[in-house]
Each structure stands twice: as C-alpha cells, then as structure tokens.
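Reviewing the structure listed below.
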Amino acid sequence: MNGEMDSTAKEPVWEQNDLLKLLDAIKGNLPEKDLAKYKTSESHLDWEKVAFNSYSGEMCKQKWHDVSREIRKFRTLTELIVDAQDYVKNPYKGKKLKKHPDFPKKPLTPYFRFFMEKRAKYAKLHPEMSNLDLTKILSKKYKELPERKKEKYVKDFLREKESFMLRMMKFRQDHPDLLENVNKKSNVPEKPKTPQQLWYFHEKKAFLKARPDATTKDIKDGVGKQWPQLSDKKRIKWITKSLEQKKLYEEKMREFIQQHPEMNMTEENIVKSTLTKAERQLKDKFDGRPDKPPSNGYSMFCAELMSSMKDVPSTERMVMCSQRWKLLKQSEKDAYQKRCEQKKKEYEVEMNRYLLSISEEEQQRILSEQKMGSFKKGVGGSSPASKKKSTKAKSSTEKPKPPVSAMFIFSEEKRPKLQQEKPDLSDMELTRLLARMWNELSDKKKEKYKNLEMTLKAESEKQSKEDKGKLPETPKTAQDIWQQSVIGDYLARFKNDRVKAQKAMEATWNTMEKKEKIMWIKKAAEDQKRYERELSEMRSPAPVVTPGKKMKFDGEPKKPPSNGYQKFSQEMLSNGELNHLPMKERMGEIGGRWQRLPQKEKDRYKRLAEEKQRQYKVLLEQWLASLSSQERATYKEYNSLKRRSTAKPGGTAAKAKPKAKQSVSLIIHSLKSLCIYRSPCTCLAACRPTD
Numbered sequence: 001m002n003g004e005m006d007s008t009a010k011e012p013v014w015e016q017n018d019l020l021k022l023l024d025a026i027k028g029n030l031p032e033k034d035l036a037k038y039k040t041s042e043s044h045l046d047w048e049k050v051a052f053n054s055y056s057g058e059m060c061k062q063k064w065h066d067v068s069r070e071i072r073k074f075r076t077l078t079e080l081i082v083d084a085q086d087y088v089k090n091p092y093k094g095k096k097l098k099k100h101p102d103f104p105k106k107p108l109t110p111y112f113r114f115f116m117e118k119r120a121k122y123a124k125l126h127p128e129m130s131n132l133d134l135t136k137i138l139s140k141k142y143k144e145l146p147e148r149k150k151e152k153y154v155k156d157f158l159r160e161k162e163s164f165m166l167r168m169m170k171f172r173q174d175h176p177d178l179l180e181n182v183n184k185k186s187n188v189p190e191k192p193k194t195p196q197q198l199w200y201f202h203e204k205k206a207f208l209k210a211r212p213d214a215t216t217k218d219i220k221d222g223v224g225k226q227w228p229q230l231s232d233k234k235r236i237k238w239i240t241k242s243l244e245q246k247k248l249y250e251e252k253m254r255e256f257i258q259q260h261p262e263m264n265m266t267e268e269n270i271v272k273s274t275l276t277k278a279e280r281q282l283k284d285k286f287d288g289r290p291d292k293p294p295s296n297g298y299s300m301f302c303a304e305l306m307s308s309m310k311d312v313p314s315t316e317r318m319v320m321c322s323q324r325w326k327l328l329k330q331s332e333k334d335a336y337q338k339r340c341e342q343k344k345k346e347y348e349v350e351m352n353r354y355l356l357s358i359s360e361e362e363q364q365r366i367l368s369e370q371k372m373g374s375f376k377k378g379v380g381g382s383s384p385a386s387k388k389k390s391t392k393a394k395s396s397t398e399k400p401k402p403p404v405s406a407m408f409i410f411s412e413e414k415r416p417k418l419q420q421e422k423p424d425l426s427d428m429e430l431t432r433l434l435a436r437m438w439n440e441l442s443d444k445k446k447e448k449y450k451n452l453e454m455t456l457k458a459e460s461e462k463q464s465k466e467d468k469g470k471l472p473e474t475p476k477t478a479q480d481i482w483q484q485s486v487i488g489d490y491l492a493r494f495k496n497d498r499v500k501a502q503k504a505m506e507a508t509w510n511t512m513e514k515k516e517k518i519m520w521i522k523k524a525a526e527d528q529k530r531y532e533r534e535l536s537e538m539r540s541p542a543p544v545v546t547p548g549k550k551m552k553f554d555g556e557p558k559k560p561p562s563n564g565y566q567k568f569s570q571e572m573l574s575n576g577e578l579n580h581l582p583m584k585e586r587m588g589e590i591g592g593r594w595q596r597l598p599q600k601e602k603d604r605y606k607r608l609a610e611e612k613q614r615q616y617k618v619l620l621e622q623w624l625a626s627l628s629s630q631e632r633a634t635y636k637e638y639n640s641l642k643r644r645s646t647a648k649p650g651g652t653a654a655k656a657k658p659k660a661k662q663s664v665s666l667i668i669h670s671l672k673s674l675c676i677y678r679s680p681c682t683c684l685a686a687c688r689p690t691d
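For reference, each letter of the sequence shown is one residue, going 1 to 691 in full-length UniProt numbering.
Structure representation (structure tokens):
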C-alpha cells in the first residue's frame, strides 16, 4: 500500500494552463506544411523541444497520448469540403499535371518514329506474331539501319523537340501556379556521386553527342562495361572529384540542418562514404599509405611461399604452407618472427610519417580502421593450430560473444585521445599505459564503466536465451538438395523464369534413375541426422554440476601449480612455443622435455612452485577472512566433500557416493543463494590442482 501511495504522489498534476501550453508547444514544433498522417508526424516529433517548465519530453509525450485517446481521429464532411474546393479550383495540380489539355506532348524518339511507321506493315506480313515478337524484330531492324536512313528520323525528332521546348515555356508562363510545386525542388542538398557515376555521366554525354538516337541500353552496353578496365591513374581522377563533391555536400548539409531544425535531421543523415573498399585502398596507396606487414612469422612465411605457388589451387596452398612450416627448424621460425617484428617497426615509423602528412579527418578514419581490423583479427595470429580451432568453431553452432569488460570499455574511450597526445607509443605500450590508468582510477569513476559492463552482460544473456529457444533448420529432402545445386543452370536456360525452371527441374528429377539419385539421398540422410542431433542438443537438460569438477568462487585466489612439473607445463603452454602442435602432441612433448631436464633445473621449478603455494596460502587466508562465517563454512564443507568424492574407488568414499552427491547439490544451492558461486572450471587437466 505504501509503495502505491508513493508512486501516485510522485506523478505530476497537469493544470489546464499546462495542457494548453503543451498543445501550443506541439503545434510550434510541427513542420510548416504538415501533410503527413498524424501517426507519422507524431513519430518524427522531437519531444525534448516540446518539454517545458518541470515537464520532461517523456512526460509530455505520455500526456499527449492520454489526451489523444479522448479525441476523434477522422474527418467530417465539412472538413473534406475544404480539400474538395481546392481540388475543383486546381484539378491538375501535382501528379495530374500532364493531363492538362494545354500541356505539350513530348516528341517521339527516332526509334519510336521508325517503329510506328513500320509496325502496320510487319503486322500484315506476320499476323501470327505477338506484339512482343514484332517489337523484337523492329528493334533489330532499326539497329541494322544505316546512319544515312536513320538521319531522317533523328532530324524529325530534333525539330519537334525544339517546338516542344517553346510550347513548354509558353505553358509555364500561362500556368505558373500549376508548376509552382513541380519546379520547386527540395532544398535538401543533392547527394554526392560515386566515382563510377561521375565517370558514367561524363562518358554518356560524349556517347550521345556521337549517337543522339542511342537508347539507354545502347549507352549501358557501350559505356557501362569500360569502368572495370580503366587504369588506376584514370580512376584516381574520378575518385578525387567524388571526394571533393562529398566535402562540399557535408558543408551544405551541416548548414541545412542548422537552418531547418523542424526537419529533425542529424549528422547521421549525411552520406558516410562515396567510395568502395577497393577505391579507398587505391586512393590511400596513391597518397603514400604504407602496406601493412604480416601479423606474425608464420603469416610472412606463407606470403613469401604463396608468391611462387600461383599454379597451385587456392584450397591446397594453405595446407602446403602449414606442412612446410612444421618442417622448419625452430631457429628458422625465429628468424621469420624477427624479420616480421622488424617490418612492424618500419611500418609504424612510415605510418606515423604518413599520418602527419594528411588531414585530421583522414587520420581519424585510418586510426579507426586499424582499430576495427585489430578487433576482427584478434590476438592469436594465424598459425595452423589456431586456424584449425577457428574452423571447428565455425562448424559448430555459433555462440554469442561474451560482453566486454569495464576496463575494455574504458580503454576504447581513452585510446584515441592518447594516440593523438602520444603518437610515438606502440599499441602494446598504449595498452600498458591504459591498464595503469585504470588501476589508478577511483572506484566512483569506475562505477560508470561497470554499469555499462552490466548492461552489455544482461543483453548478452538475453540474446543467448533467445538463441536457445530457436529450433534448428528443418532437414531438406534429396530433391531439394539436388535442385539447390542445379537451379543456377536452369534459371540461365529459362532466362530467370523461376516457374518454368522449377517445372523443368521437377520433370528431370522424376525421370532420373535411382542410381543417379543415391548421392542426393545420402546427403538428405546426413541432413536429417544433423537436424536430429541439433534438436536433441536443444532439448537435452542443462548439464548437472558434478563434484569431480572444480568450482570457482567470487574473489577466490587462483590456485597455483602444486609441483615443479605443473609449473614447467604452465610455462611451456603460455609462451606459445608449441602452439603449432595439436594438444595431445603438445602435452607429450612437454613430458619428454621434462624428463630430459637436468635435476638442477627440476629443483628450480619445484622451488618456484613452493613459493607460489606459500603466496597462495596467504591470499587464501585473507580471502577467507573477508567471508562471513556461513560462507566460510559452506566453502570448507564443499572442499572436504570434493576430497572425499575424488578418493580411490572401493574405499569408504565409494560407498558414501550417493550421499555425497546429495550433499553437493545442497551446497551448490546455498552457494548460489550466497552469490559466491561462479561457474565450473573448464581448464586443462594439467592446470587442475591436485589435493
């Protein structure tokens, strides 16, 4: 009850004067000629401009909706009479202008003159032909006509065109009120043309001068196919013109937005770019932008090897590169990595020099492109092992990406400013500086970024729930799979007539022998298995957390390696030296290297592990001291149960297994309620601590 009373007390009371002010504010923010539907005008209204006194835009919008429910939204006959009077006074206004009796008729083109003259004759000669077939024949005849005979039709067209222009001028003088809206073009600045459009219009004018009777199809056939064959030097000319046009357009648009606030336009409405990716790269190359070096030694090796493998199919190139990379000695791989690092340093110097030679806008664009590229590529490079992982990831059902952390959001906000202030720093140094800045940031300032992280996390969880609810794609039949593979050929045969192509495919399938269909039947069976597998995965219950799996608790310090071998394994796995090997072979190699290690080195690793264990115990005690007595008891009980459940089979623990399971499920429930339980550990067996 108290909650309800509080909520009603907070709601503002609208007086009559306030409501009248609201309606005046809405009226004042409507465009001069409001001819759109009321719903459209309402959706385009900027409610923040309507807001007044203590009433926010959202409050004004809500109140308008309340008022609009009480009024009619249809027009009476009296109101319609006003529009009818306007129509009677000027029935030819707008789109009906060409129906005006005095409006001059456009002259027929040279081709249509020839067509009208010869059509009757050809219709008598070929009475069985349809209009479409007659048109095709006459079109072909006109194309084959010599220029001397075409000249007659062209002259008649040009003569009538001149008289049409004179009559049109007279019509404009006699009826200025009709042409008021037609001639009055929109004040919105014209969008800039792309380089190809600018070149096409230029070539079109030259083509029409040589052939004034040419149709649109003739122009496209004669001019349209020349753009891809144009040299880079000639393309740059049109790219530069397009960019100049875009710059002027942006200036005009900004002025227009300021002068016309009633149109509710923002800078988002401005055309972003007129260049394609290839044209942008060509322009950057022409301006002196350096080429980006390979990301790692393996990529450099592949690039050099591929230059001599032009005859090898593209699908086999990467396989060969991977195989040859594995045959290289470690010293040779290190040499490639060193060369790659050297290239990166040279590239950074050249890129900084290039950035200083261009405008600030271009600098921002290039820096943002590089940032986006780094996100897409990730950190791990493109070694054969990582590629193997990526292909596996693609083949499996795509999972939503985890939301970014608060520190990442902070870094992305501050990075552009730091790059401008300290252009001599590399990406790695910038990242370290940002990490230090984040650590020094006060908790109050961090709260903003943590709130953003929580919002993104909630969105990610919502998306994952929606994805789980989606049913897998229905399985295809053998006929469907076959049709999908041949539809392109059938559409080309029937000139994109889908209905005819479908009928022909069905007829072919019905006449096919069983041995020809076997391959498609097998594919359909595989697709059915895929559907059943995905459906069972979707319907299967969530995996139950078993006591054998390690659980994580909020704030719990990470457990270090318990012995020298585990410390050595962790070091070998983290330095990336064995990344080119599959996991099973990697672990075998680590085991072999440990056995070959001198006893002195083994003792050193043992001492490191013991030191880490001592540090861990101190941190663990501090963390346990920060927990409440109930949380501490739950944590200790879970650990004692885990030790019992991992005991050897046949002992006392094996007999008490069902009871232990029941106890663990109760503990998990209590951990969730205490909000210290996180998620099951998914790390490698080598990283799991042994008690």
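In this text, a Cβ means the ideal position worked out from N, Cα and C, and glycines have one as well.
**Message:** Would F256 and P189 qualify as a contact pair, given that the criterion is a beta-carbon distance under 8 Å?
**Reply:** The residue given as residue 256 occupies position 256 in the sequence shown. The residue given as residue 189 occupies position 189 in the sequence shown. P189 is positioned such that its CB atom lies closer than 8 Å to that of F256.
**Message:** Suppose you measure from the CA of L573 to the CA of A492; what does that come to, to the nearest Å?
**Reply:** On the sequence shown, position 573 is the one that residue 573 refers to. On the sequence shown, position 492 is the one that residue 492 refers to. Each residue's alpha carbon lies about 55 Å from the other.
**Request:** State buried or exposed for K277, treating a residue as buried only when at least 16 other CB atoms are found within 10 Å of its CB.
**Result:** Numbered from 1 along the sequence shown, position 277 holds the residue referred to as residue 277. With fewer than 16 other Cβ atoms within 10 Å, it is exposed.
**Prompt:** In the DSSP assignment, what residue or residues form a beta bridge with Y565?
**Reply:** For this step, residue 565 is matched to residue 565 along the sequence shown. Bridge pairing for Y565: absent [DSSP].
**Prompt:** Who does F52 pair with in a DSSP beta bridge?
**Reply:** Stepping through the sequence shown from its first residue, residue 52 is reached at position 52. For F52, DSSP records a beta bridge to Y55.
**Request:** Note down, in chain order, each residue of its chain lying with its Cβ closer than 6 Å to the Cβ of P12, except the 5 sequence neighbours on either side.
**Result:** The count along the sequence shown starts at 1 and reaches residue 12 at position 12. Non-local beta-carbon contacts of P12 in its own chain, meaning distances under 6 Å to residues more than five positions away in sequence, are absent.
**Request:** Please state if the CB of L134 and the CB of residue 724 are separated by a distance shorter than 8 Å.
**Result:** What the structure shows of the chain is the stretch from 1 to 691, and residue 724 is not part of that stretch, so it cannot be assessed.
**Continuous alpha helix (DSSP H) stretch holding residue 692: start and end** = Nothing in the structure corresponds to residue 692, since the chain is present only between 1 and 691.
**Message:** What would DSSP say about L573, mapped onto helix, strand or coil?
**Reply:** As a working mapping, residue 573 is identified with position 573 in the sequence shown. If DSSP states are grouped into helix, strand and coil, L573 belongs with the helices.
**Request:** List the whole-angstrom C-beta distance separating N563 from K606, where the pair is believed to meet the contact cut-off of C-beta under 8 Å.
**Result:** Locating residue 563 in the sequence shown gives position 563, counting from the first residue. Locating residue 606 in the sequence shown gives position 606, counting from the first residue. 7 Å between Cβ atoms; contact.
**Request:** Check whether the Cβ atoms of K612 and P560 sit closer than 8 Å, and answer yes or no.
**Result:** Taking the sequence shown and counting its residues from 1, the one referred to as residue 612 is at position 612. Taking the sequence shown and counting its residues from 1, the one referred to as residue 560 is at position 560. Yes; because the gap between Cβ atoms is below 8 Å, this pair is in contact.
**Message:** Considering only the alpha carbon of each residue, which of Q197, Q479, N352 and E589 lies closest to S426?
**Reply:** For the purposes of this step, residue 426 is taken as residue 426 along the sequence shown, with counting starting at 1. When each option's Cα is compared against that of S426, the closest is N352.
**Prompt:** What number of angstroms, rounded off, separates the C-alpha of T508 from the C-alpha of I521?
**Reply:** Taking the first residue of the sequence shown as 1, we reach residue 508 at position 508. Taking the first residue of the sequence shown as 1, we reach residue 521 at position 521. Computed Cα separation, rounded: 16 Å.
**Message:** For M108, which residues in the same chain have their Cβ closer than 8 Å to its Cβ, ignoring the five residues on either side in sequence?
**Reply:** Stepping through the sequence shown from its first residue, residue 108 is reached at position 108. Per the sequence shown, the amino acid found at residue 108 is Leu instead of Met. The residues are M116, F157 and E160.
**Message:** Checking 8 Å against the spacing of the C-beta atoms, do Y111 and D213 come in under that value?
**Reply:** Locating residue 111 in the sequence shown gives position 111, counting from the first residue. Locating residue 213 in the sequence shown gives position 213, counting from the first residue. In this structure, the beta-carbon distance from Y111 to D213 falls below 8 Å.
**Request:** Grab the span of the alpha helix (DSSP H) containing K503 for me, first residue to last.
**Result:** Sequence index remark: in the sequence shown, residue 503 carries index 503 (1-based). That run of the alpha helix (DSSP H) goes R498 to T511.
**Message:** Determine whether the beta carbon atoms of L418 and L433 lie at a separation below 8 Å.
**Reply:** The residue labelled residue 418 in the question sits at position 418 within the sequence shown. The residue labelled residue 433 in the question sits at position 433 within the sequence shown. Yes, they are a contact pair.
**Message:** Less than 8 Å between the C-beta atoms of I26 and L45, yes or no?
**Reply:** Residue numbering aside, residue 26 sits at position 26 when the sequence shown is read from its first letter. Residue numbering aside, residue 45 sits at position 45 when the sequence shown is read from its first letter. Cβ distance < 8 Å, so I26 and L45 count as in contact.
**Asked** Between which two residues does the alpha helix (DSSP H) carrying E255 extend?
**Response** Counting from one through the sequence shown, the residue named residue 255 turns up at place 255. Secondary structure note for E255: its alpha helix (DSSP H) is the uninterrupted segment D232 to Q259.
**Asked** Ends of the alpha helix (DSSP H) at N131?
**Response** Residue mapping note: residue 131 aligns to position 131 of the sequence shown, counting from 1. Judged by DSSP secondary structure, N131 falls within the alpha helix (DSSP H) whose first and last residues are N131 to E144.
**Prompt:** What do you reckon, is the C-beta of F157 under 7 Å from a heavy atom of the ligand ZN?
**Reply:** Here there are no bound small molecules, and the ligand ZN is not part of this structure.
**Prompt:** Just reading off the alpha helix (DSSP H) that F171 is part of, what are its end residues?
**Reply:** Along the sequence shown, one-based indexing puts residue 171 at 171. Judged by DSSP secondary structure, F171 falls within the alpha helix (DSSP H) whose first and last residues are E147 to D174.
**Item:** Cβ-based neighbour list, P227, same chain, cut-off 8 Å, excluding 5 preceding and 5 following
**Value:** Working through the sequence shown from its first residue, we reach residue 227 at position 227. As written in the sequence, residue 227 is Trp, which differs from the Pro given in the question. Counting only residues of its own chain and dropping the five nearest sequence neighbours on each side, W227 has a CB closer than 8 Å to the CB of Q196, W199 and Y200.
**Prompt:** Can you tell me the Cα-Cα spacing of R436 and Q566, whole angstroms?
**Reply:** As a position in the sequence shown, residue 436 is number 436, starting the count at 1. As a position in the sequence shown, residue 566 is number 566, starting the count at 1. Roughly 31 Å separates the two Cα atoms.
**Proximity to L230 [Cα-Cα], best of R593, P313 and L282** = For the purposes of this step, residue 230 is taken as residue 230 along the sequence shown, with counting starting at 1. With distances taken between Cα atoms, L230 lies closest to L282.
**Request:** Alpha carbon to alpha carbon, how far is S41 from K209? Give it in angstroms, no decimals.
**Result:** Residue numbering aside, residue 209 sits at position 209 when the sequence shown is read from its first letter. Residue numbering aside, residue 41 sits at position 41 when the sequence shown is read from its first letter. So the two alpha carbons sit approximately 47 Å from each other.
**Message:** Suppose only complete runs of 4+ residues qualify. What are the alpha helix (DSSP H) ranges in the UniProt DNA-binding region "HMG box" (400–468), listed by chain order?
**Reply:** The qualifying runs are 406–421 and 427–440.
**Prompt:** Considering only C-alpha positions, which residue in the set C321, N296, K191 and D424 is nearest to S308?
**Reply:** Locating residue 308 in the sequence shown gives position 308, where the first residue counts as 1. Its Cα nearest to that of S308, the residue C321 stands out among C321, N296, K191 and D424.
**Request:** Measure the alpha-carbon distance for L620 versus S626 and round it to whole angstroms.
**Result:** Locating residue 620 in the sequence shown gives position 620, counting from the first residue. Locating residue 626 in the sequence shown gives position 626, counting from the first residue. Straight-line spacing of the CA atoms in L620 and S626 works out to 10 Å.
**Asked** By Cβ distance, which residues of its chain are closer than 6 Å to P475, with the 5 residues on each side in sequence left out?
**Response** Residue numbering aside, residue 475 sits at position 475 when the sequence shown is read from its first letter. In chain order, D527, Q528 and Y531 place their CB closer than 6 Å to the CB of P475, counting only its own chain and leaving out the 5 sequence neighbours on each side.
**Asked** By the 10 Å Cβ neighbour count, where 16 or more other Cβ atoms means buried, how is K473 classified, buried or exposed?
**Response** Here residue 473 is taken as the residue at index 473 of the sequence shown, counted from 1. The residue asked about is misnamed: residue 473 is Glu in this sequence, not Lys. Flag for E473 reads exposed.
**Prompt:** When DSSP labels each residue in this structure, what does C188 get in the three-state scheme?
**Reply:** One-based indexing of the sequence shown puts residue 188 at position 188. Reading off the sequence, residue 188 comes out as Val, not Cys. In this structure, V188 counts as coil in the three-state DSSP scheme.
**Request:** Buried or exposed for V319, please, with buried defined as at least 16 other CB atoms from any protein chain shown within 10 angstroms of its CB.
**Result:** Mapped onto the sequence shown, residue 319 falls at position 319. Flag for V319 reads exposed.
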